[in-house]
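> Have a look at this one before I ask anything.
In my numbering, the protein residues as written are 60 to 238.
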């Protein structure tokens with residue numbers, strides 16, 4: 060299928076192109092009044108592409124540019140590939156840490172440079188962000204599953220991870236909370 064949708068918010072009215080696939084499913088229901096079955100047909104549509112992709116979580120103006128880029132990538136990939144979407148979510152966490160100047164590498168005892176894992180970097184979050192570090196760690200694990208797991212990601216896992224990242228990013232970057 061292909062369609063063009065228009066936002067019903069009178070302040071927005073943005074249009075989006077949506078395409079995907081569809082099908083018809085037969086549903087059989089038992090009839091209470093007489094022996095037998097009633098057959099219904101349910102038309103279903105599954106979007107696979109939406110442009111521009113709608114924001115699925117809050118994106119504040121205070122978010123760093125690279126975080127916004129990764130979130131936009133996440134919104135676009137959600138419709139196409141949940142594994143890639145989970146990876147983009149993980150990348151948004153990495154971008155947030157980089158904007159907070161959490162170091163990416165460290166020197167070993169023999170003086171060689173060693174890249175820090177995202178897990179290590181999350182453990183380096185300053186104390187004032189410790190209340191969201193567990194949320195970011197959980198989002199990291201979901202992102203890892205998207206990158207390294209051969210099984211399809213569940214849509215509900217992606218939504219859960221988006222909720223965790225949204226809450227964390229808003230807690231970290233929302234300047235109105237400092238007032």
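Ideal Cβ positions, reconstructed from N, Cα and C, are used throughout, including at glycine.
Pop quiz: residue 82 and residue 60 are said to be a contact at Cβ under 8 Å. What is the actual Cβ separation, rounded to whole angstroms?
Wrong, their Cβ atoms sit about 10 Å apart, outside the cutoff.
> Whole angstroms is fine: what's the gap from residue 172's alpha carbon to residue 84's?
57 Å
> Roughly how many angstroms separate the alpha carbons of residue 46 and residue 157, rounded to a whole number?
Residue 46 lies beyond the stretch modelled for the chain, which goes from 60 to 238, so this question has no answer here.
> Is the distance from the Cβ of residue 159 to the Cβ of residue 147 below 7 Å?
no
> What span of residues does the alpha helix (DSSP H) with residue 173 cover, start to end?
Where residue 173 is concerned, there is no enclosing alpha helix (DSSP H), although the beta strand (DSSP E) it sits in stretches over 172-174.
> Relative to the alpha-carbon of residue 64, which residue among 109, 165, 136, 153 has its alpha-carbon at the smallest distance?
Ranking 109, 165, 136, 153 by Cα distance to residue 64 puts 109 first.
> Specify the secondary structure class of residue 238 as computed by DSSP and reduced to three states.
Summary for residue 238: the model assigns pLDDT 46, below 50, so the residue's position carries little reliability; its value from the coordinates is reported in the next sentence. Residue state, collapsed to three classes: coil.
> Along the chain, which unbroken stretches of the beta strand (DSSP E) at least 3 residues long are found entirely within the region 158-222?
As far as the region 158-222 is concerned, its whole beta strand (DSSP E) runs of at least 3 residues are 164-166, 172-174.
> Specify the secondary structure class of residue 128 as computed by DSSP and reduced to three states.
helix
> Have a look at residue 78 and residue 66 and give me their C-alpha separation to the nearest angstrom.
16 Å
> Taking the C-alpha atoms as reference points, what is the distance between residue 190 and residue 98?
52 Å
> Within 10 angstroms of the Cβ of residue 136, are there 16 or more other Cβ atoms? Answer buried if so, exposed if not.
buried
> In three-state DSSP terms, what is residue 116?
When DSSP states are grouped into helix, strand and coil, residue 116 belongs to the coil group.
> Nearest to residue 140 by CA position, among 62, 226, 211, is which residue?
211
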